[in-house]
Amino acid sequence: MDRIYPDEELLELFDIWMKDQGFTPQTQKAYLGDVRLFLAAIAPKSLSKLEALDVMRFLTKMRQGGAGDSTRNRYLSSIRTFFNALIEHKYADNNPALHLKKSKVERNSLPSYLDEHVLSAFLESIEGKHQIRNVAMFLLMSYAGLRVSELHRLNMADFNRSAQMLQVYGKGRKWRSVPLPESLVHILNMALEERIDPRKTVEQAFFVSQFGRRISTRMIQKIAEAHFAQLKREFSELQGKSFSSHKLRHTFATMQVIAGTDIRTLQELLGHASIQTTQIYTHVGDKQKQEAMNRVVPRLPKSVLRGTGG
Numbered sequence: 149m150d151r152i153y154p155d156e157e158l159l160e161l162f163d164i165w166m167k168d169q170g171f172t173p174q175t176q177k178a179y180l181g182d183v184r185l186f187l188a189a190i191a192p193k194s195l196s197k198l199e200a201l202d203v204m205r206f207l208t209k210m211r212q213g214g215a216g217d218s219t220r221n222r223y224l225s226s227i228r229t230f231f232n233a234l235i236e237h238k239y240a241d242n243n244p245a246l247h248l249k250k251s252k253v254e255r256n257s258l259p260s261y262l263d264e265h266v267l268s269a270f271l272e273s274i275e276g277k278h279q280i281r282n283v284a285m286f287l288l289m290s291y292a293g294l295r296v297s298e299l300h301r302l303n304m305a306d307f308n309r310s311a312q313m314l315q316v317y318g319k320g321r322k323w324r325s326v327p328l329p330e331s332l333v334h335i336l337n338m339a340l341e342e343r344i345d346p347r348k349t350v351e352q353a354f355f356v357s358q359f360g361r362r363i364s365t366r367m368i369q370k371i372a373e374a375h376f377a378q379l380k381r382e383f384s385e386l387q388g389k390s391f392s393s394h395k396l397r398h399t400f401a402t403m404q405v406i407a408g409t410d411i412r413t414l415q416e417l418l419g420h421a422s423i424q425t426t427q428i429y430t431h432v433g434d435k436q437k438q439e440a441m442n443r444v445v446p447r448l449p450k451s452v453l454r455g456t457g458g
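Pasting the structure below:
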């Protein structure tokens, strides 16, 4: 008779396994949540009895609940990885998700970004007690291309004032060097001068909360959401548009393409593992070029318009 393992025991094993494998905290949290949903959906069926069809039923149910292609693919990846962990530790013999294919994700949609005047208005709208800190964070996203998670992980030691350089710990546990313009160096110096004394003297975080602890990714997102909401109230043309902190990074990438930055350099600045991820921004640049050309209407010779020639 097959042994039945409690879900919490399996989830604890999976959590420990992911930590040992070096998964990021964000991925661990997402995968655990996905697998928890999956285990609840297949209960009371034994894991040893599961087939590919059971996984497909779950993925279909999630899609019917509103999950898009990317989310559906993450569910599949979570389940597949979960069973890999179970097999490695002799909790399962087969992986029912192993041969299921990912959905094709539509790649034609362009990343949205902020026009220069909207970005300027957004930054100008930031006021209050933590103005310098918040302006510094969002300048690093919109003019240095940092992710929210990278702002969260940024330490004081990562900022080299004299070299005007930032060392960024990004996705895949990879470091990249980002040169900073003088104006950004200035605002970062100001942010350090006004940095709240942390409760723990060993706290090395560059950006800390009002409680003196490393600022969380969610807090960064909430601050951005609040200022974007304020911006929408002030500018009627922005009503109905979706804004998020990540659009600041999209804006950086788009501005770099429009300015003529080559794709390899942009890949390095953004910390993309694959150049295919970076190439989507070149399409944004193509759109800008097309709009620029449309504003310049050629004046054809009258003889050509009459079709008389020579």
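The working numbering numbers the first residue of the sequence shown as 149 and each following residue consecutively. Ideal placement from N, C-alpha and C gives every residue a C-beta, glycine not left out.
The three-state reading of DSSP puts TYR261 in coil, since its state is none of H, G, I, E or B. With contacts defined as CB atoms closer than 7 Å, LYS395 and LEU386 fail to qualify as a contacting pair. Excluding residues up to 5 positions away in sequence, LYS395, HIS398 lie with their Cβ nearer than 7 Å to the Cβ of SER260 in the same chain. For LEU287, the number of other beta carbons within 10 angstroms of its own is at least 16, and it is reported as buried. For LEU195, no alpha helix (DSSP H) segment is defined, and its DSSP state is neither H nor E. Contact between VAL316 and LEU294 holds: their C-beta atoms lie close to 6 Å from each other, under 8 Å. Taken through DSSP and simplified to helix, strand or coil, PHE186 comes out as helix.
Between LEU207 and ARG220, the beta carbon gap of about 6 Å places them in contact (Cβ cut-off 8 Å). Each residue's CA atom was taken as its position, placing GLU341 and LEU248 some 53 Å apart. By the Cβ-count criterion, PRO192 is exposed, with fewer than 16 other Cβ atoms from all chains shown falling within 10 Å of its own Cβ.
In the DSSP annotation of this structure, MET313 is not part of any alpha helix (DSSP H); the continuous beta strand (DSSP E) holding it starts and ends at 313 to 317.
Rounded to whole angstroms, the separation of the alpha carbons of ALA178 and ALA284 is 29 Å. Buried is the label assigned to ALA245, since at least 16 other Cβ atoms lie within 10 Å of its Cβ.
The C-beta distance from VAL326 to LEU417 rounds to 6 Å, short enough to meet the 8 Å contact threshold. Spanning the alpha carbons of ASP163 and GLY181 requires a straight line of approximately 11 Å. Taking a cut-off of 8 Å on C-beta distances, the region 345 to 357 touches the region 303 to 315, as three or more cross pairs fall below it.
Cβ neighbours of ASN282 within its own chain (closer than 7 Å, five residues either side excluded): ILE274, ILE371.
For GLN427 against ILE411, the beta-carbon gap comes to about 6 Å, under 8 Å, which counts as contact.
For PHE391 and LEU159, the gap between their C-alpha atoms comes out near 35 Å.
For ARG324, there is no enclosing alpha helix (DSSP H); the enclosing beta strand (DSSP E) covers residues 323 to 327.
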